[in-house]
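Residue numbering for the sequence shown follows full-length UniProt numbering, beginning at 1 and increasing consecutively.
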Amino acid sequence: MGVNRAWQLLAKKGLVPDSFDKIPTDPTAKIRVDVCATHNTPIRHVYSNPIDLDAAHSILEHWLLKISDKDKVRFYIDGLPAEEKTKTHSDRDERRQKALVKANTAVSKLECRLAERKRIKKYYIADANKNLQKAFQWSLDDRKSFVAYMTEKNYDIVLCPTEADVLIAAECRPRDAVVTCDSDLLFYRTVLTVWRPVGSYKARRFVPYEKPAVLKALSLSSTQLTALAILSGNDYCCNIPYLAIDTNHKIVKSLQGDETSIIRQYLSHPQVKRRTDKGDSKWSVESYASAIKVFVELKQTVASESASPSLAANGDNAANNSISFSDNGTAAGSAEASLTDNSTVKDNPARDTRLSFLNLLERIKCFMHDFDAYKKEAYEARVAKRAARGSQSKPEGKTKAVNPYATIDKPGPDLSHKYRPRFSPKLRFEPSNEQPPPAIFMEYKLKPWKKPPDRPTLLTPAKKKPSPLKAEIDEDSRFERKQILDALSFEHPTVTLDVNLLSRNVSTAVKKELDSFHSSSHIDSDTIAKAITDCIRGAVKVAWEIKQYGQQLIGLYLEDLFYPRVTPGGSRGVLPVPAIGQRDRTIIDELCPRLSSKEMNDGEDDLTAEDGRDVDSNTPFIHSFLTFLYSGNRPRDSKVGSAVNNFIERLQEMGHLEKSKQKKSEIFRCVKEYTPSSVVRSAASQLSAELKKHYRHGTKTLSEKVEKMIRQGNLPGTQAVSCTSNEPAIHLFVRANASAGRPWSLSPLSTDKHGYLTFTEIELAAFLHKREELHPILKTLIGSKDDRRLTQAELTLDWLPLQTPGVLIQRLISPVDPKNLAGDRLRGREKKASGIAAAVRIIEPDEIRAHINTLRAGSFEPKSYQEKGYFLRGSVKTDGYQLQLLAYKVRELSSAKYKRYHTDVLPD
1 MGVNRAWQLL AKKGLVPDSF DKIPTDPTAK IRVDVCATHN TPIRHVYSNP IDLDAAHSIL
61 EHWLLKISDK DKVRFYIDGL PAEEKTKTHS DRDERRQKAL VKANTAVSKL ECRLAERKRI
121 KKYYIADANK NLQKAFQWSL DDRKSFVAYM TEKNYDIVLC PTEADVLIAA ECRPRDAVVT
181 CDSDLLFYRT VLTVWRPVGS YKARRFVPYE KPAVLKALSL SSTQLTALAI LSGNDYCCNI
241 PYLAIDTNHK IVKSLQGDET SIIRQYLSHP QVKRRTDKGD SKWSVESYAS AIKVFVELKQ
301 TVASESASPS LAANGDNAAN NSISFSDNGT AAGSAEASLT DNSTVKDNPA RDTRLSFLNL
361 LERIKCFMHD FDAYKKEAYE ARVAKRAARG SQSKPEGKTK AVNPYATIDK PGPDLSHKYR
421 PRFSPKLRFE PSNEQPPPAI FMEYKLKPWK KPPDRPTLLT PAKKKPSPLK AEIDEDSRFE
481 RKQILDALSF EHPTVTLDVN LLSRNVSTAV KKELDSFHSS SHIDSDTIAK AITDCIRGAV
541 KVAWEIKQYG QQLIGLYLED LFYPRVTPGG SRGVLPVPAI GQRDRTIIDE LCPRLSSKEM
601 NDGEDDLTAE DGRDVDSNTP FIHSFLTFLY SGNRPRDSKV GSAVNNFIER LQEMGHLEKS
661 KQKKSEIFRC VKEYTPSSVV RSAASQLSAE LKKHYRHGTK TLSEKVEKMI RQGNLPGTQA
721 VSCTSNEPAI HLFVRANASA GRPWSLSPLS TDKHGYLTFT EIELAAFLHK REELHPILKT
781 LIGSKDDRRL TQAELTLDWL PLQTPGVLIQ RLISPVDPKN LAGDRLRGRE KKASGIAAAV
841 RIIEPDEIRA HINTLRAGSF EPKSYQEKGY FLRGSVKTDG YQLQLLAYKV RELSSAKYKR
901 YHTDVLPD
């Protein structure tokens, strides 16, 4: 098993080395293989059915030779169980006993169903085999036999006194390679390289874990790494509850001293004491004595008979057999003698387990033999029954002449049955000749038309002329961020890539960014990542609350406008007011444009921009209004600014803005944390779209509902609402909503749960610049080395517009386009494991220019286009917790989709 979740911790820290088919080593080095840890599945497969023990040895030898050449490898076989591993052996023995009980139940069930001739499903047999596999144990006698078999063939193999790990660590030299699936060998001081087998046994590959790379990835010393293995749960002692290897890594990283000293400091840590004080058991250094003895002192003691019922020898040979290893790996003590003396090993419960396993295996074999015989017998009975059914006497009738050229009804030769017959044979019947066929089957006679049919008139669809291709971009033309985004938007569609949690992406990106700059090692990556995450999460919260605030003000304004109170403090009217003033008509026209020609039913197609033809006319108004709500500063007296100021004054006259300011005072305390116009941009775009959808589409839907109610007689015809551009869309919506019974609210309202908002890289850079603790990493990002304070203009105006879209996102927010240790892009299995992050490419502007010119060249053929991946658009979409990236899908061509190319070169 090894150290709990050690491989997962290394993968989380970004240590994922390349895999190899063979293990390359120094000619003077040795490959040391822990056989029981690396080949557990083949051992269980070949030794669970020991018809011929030499054949099983030969198969295992074949698997072992796939690691490397014979003269370079030294194999290690586990010996007697260790006293330090007593609890682990006891737990494993208990699991094997439970598996045997389940296997016995499954086999008995199979035998009963076969005796009762009931249906036997596949998973019944699979359940028995699965539990029998869990109960398998490679016996000590078989291990000794395999060692003797390999020794006769001049293999370098050793049967260890106890566990193979300790002997491997004692004999390991600096250039040696250790092959094992267990992670605990990586935490011994003497072991510098561990090759981990991965993949299936037929296509097995080996992943190298170098000790220097592991220490660098975990930011630990060799002593701290060994202490982490002792504290985080292993085969010799368990970890403190709720303190696994990930949490222990953060604690041990700040502790110094030898292993025992680190353990004492760890137990005194406040985070650890909170856990140890809750339980009844007391944790101390003695709790880790067994693990310290193994990992630090490289010592193990042979278990007594009572300590390990599954594998231990008798007490006479196990007593006082303490094994220690010197620097050259020689063993001292009398444990090795106990391995070679077979006569002193007495029968024990393990032998009973072995016999039970063999008995169950024999019962399954007998069942399968009887089951196969039953299936064969049942099949022969079915065939005989069908043959008897076909040989029954049939009434004599007119024989049909056989056509010698027929392929369907031609009788075949009388052959004995070899294959399974057809389940449902076809039966063919001849039509009766006693009466003529009905009139409907008579031959059709052509008759002239009594009245010539009307020729249908098909509407000729209006073909929209595609926009022409754009010219190539020469090197003298301006090609910065805006031009890059315009060119990519014209050539490729935009997609949304979900990259999981925001905090995880930011933490990984910041860690990689700081690792690439050794001079910035004094910056704490966790502090920087938390500051960036809090900054983005706060921007989403502020923008969403401002959007809700604006929706509430719009709803209160419309409620007082169309349903005013009869008396101050009294109830509101049931029906909306029939007319409103010109000032309010102007305001509601700014909130939502009037209906377009496609949404009207009065046939007016000659609309101007003032009539609501410009569908985006309310976005600047909403943006300016939300900016005022966040900053408290009124807009300038421009065209849009004058309209917003008019709306603000109207709200103040109604008394809503003053009341809301007092209720939303917490929003105004954080004005300086974000740039007002940037933080509300995405929320303003969403709100403007929601208003148009609510009022314009709602007017059309409600008017159709009112017409239906009039046709059904539920409403008088005077309450019909005509969709026209002569009235504001909001006014028509209020009238239609009142006629239909007010099923819709007066204003669209968002939920309290924060939705997704979009922020560009320039907006994110402005947000991050507001945080003083992020200035060091921002200066490192742009390459500034002076001590003066970084200005926002240097970041958002001087550096970022000249960079490729997505650079800031890649380096501080989401680690897309990862590279291997050699600095190349990931390929093959590594790219597939990285997922979407590896499919995104960050390339220089010159490469983007060449890509655009290739698509716009006159000789370009879309049929031969094979580019894949994504180019970042330079924007993120997040709700503060999940993160999505906006990107261009390089595989799809917009010019091919909209047929901008000539039809001769377009693919079918």
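Idealized CB from N, CA, C, for every residue including glycine. Computed from a predicted model, the values in this text were never measured in an experiment.
Any idea if residue i is buried or exposed, counting beta-carbon neighbours within 10 angstroms, 16 or more meaning buried?
i           : result
Ser-747     : buried
Asp-235     : buried
Ser-326     : Note that Ser-326 has pLDDT 42, beneath the 50 cutoff, so the model's placement of it is unreliable and no number is given.
Glu-513     : buried
Trp-544     : buried
Asp-54      : exposed
Ala-115     : exposed
Arg-811     : buried
Cys-366     : exposed
Pro-576     : buried
residue 915 : The structure shown does not extend to residue 915, since the chain spans only 1 to 908, so no value can be given for it.
Gln-884     : buried
Thr-151     : exposed
Are the beta-carbon atoms belonging to residue i and residue j less than 9 Å from one another?
i       : j       : result
Thr-301 : Thr-508 : no
Ile-588 : His-731 : yes
Trp-138 : Ile-230 : no
Gly-880 : Lys-541 : yes
Ile-157 : Ile-77  : yes
Leu-159 : Asn-131 : no
Arg-856 : Ala-838 : no
Asn-359 : Asn-4   : no
Arg-900 : Glu-867 : no
Gln-551 : Ser-750 : yes
Ala-37  : Cys-181 : yes
Arg-650 : Asp-752 : no
Leu-186 : Lys-216 : no
Phe-830 : Val-16  : For clarity, residue 830 is Glu in the given sequence; the question names Phe instead. Cβ atoms of Glu-830 and Val-16: closer than 9 Å.
Phe-206 : Lys-70  : no
Ile-484 : Val-506 : no
Lys-72  : Lys-30  : yes
Tell me whether residue i sits in a helix, a strand or coil according to DSSP, three-state version.
i           : result
Thr-193     : strand
Arg-204     : coil
Leu-298     : coil
Phe-621     : helix
Phe-860     : coil
Thr-780     : helix
Ser-503     : helix
Leu-885     : strand
Leu-757     : strand
Tyr-242     : coil
Val-577     : coil
Asn-320     : At Asn-320 the pLDDT is 36, less than 50, meaning the model places this residue with poor confidence; the figure from the coordinates comes in the next sentence. Three-state DSSP puts Asn-320 in coil, outside helix and strand.
Leu-872     : strand
residue 909 : No statement about residue 909 is possible, as the shown extent of the chain runs from 1 to 908 and does not include it.
residue 918 : Since the first and last residues shown for the chain are 1 and 908, residue 918 lies out of range.
Thr-878     : strand
Give me the Cβ distance between residue i and residue j, rounded to the nearest whole Å; I'm assuming they're in contact under 8 Å.
i       : j       : result
Thr-627 : Pro-676 : 5 Å
Asp-184 : Gly-2   : 4 Å
Enumerate in chain order the residues of its own chain whose CB-to-CB distance from residue i is below 6 Å, with the five nearest sequence positions on each side excluded.
i       : result
Phe-146 : His-57
Trp-799 : Ile-782
Val-35  : Phe-75 and Ile-77
Lys-511 : Ser-525
I'd like the list of long-range same chain contacts for residue i, defined as Cβ closer than 7 Å, with 5 residues on each side in sequence excluded.
i       : result
Lys-66  : Arg-204
Cys-535 : Phe-767, Leu-768 and Arg-771
Thr-796 : Ile-762, Ala-765 and Ala-766
Arg-275 : Ile-240, Pro-241, Tyr-242 and Leu-243
Excluding sequence positions up to five away, which residues of its chain have a Cβ less than 8 Å from the Cβ of residue i?
i       : result
Asp-614 : With a pLDDT of only 42 at Asp-614, under 50, the local geometry of the prediction cannot be trusted, and no value is derived from it.
Arg-572 : Glu-559, Tyr-563, Pro-564, Arg-565 and Val-566
Leu-501 : Tyr-881, Gln-882 and Leu-883
Could you tell me whether any Cβ in chain B is nearer than 9 Å to the Cβ of residue i?
i       : result
Gly-698 : Of the protein chains in this structure there is only one, and it is not chain B.
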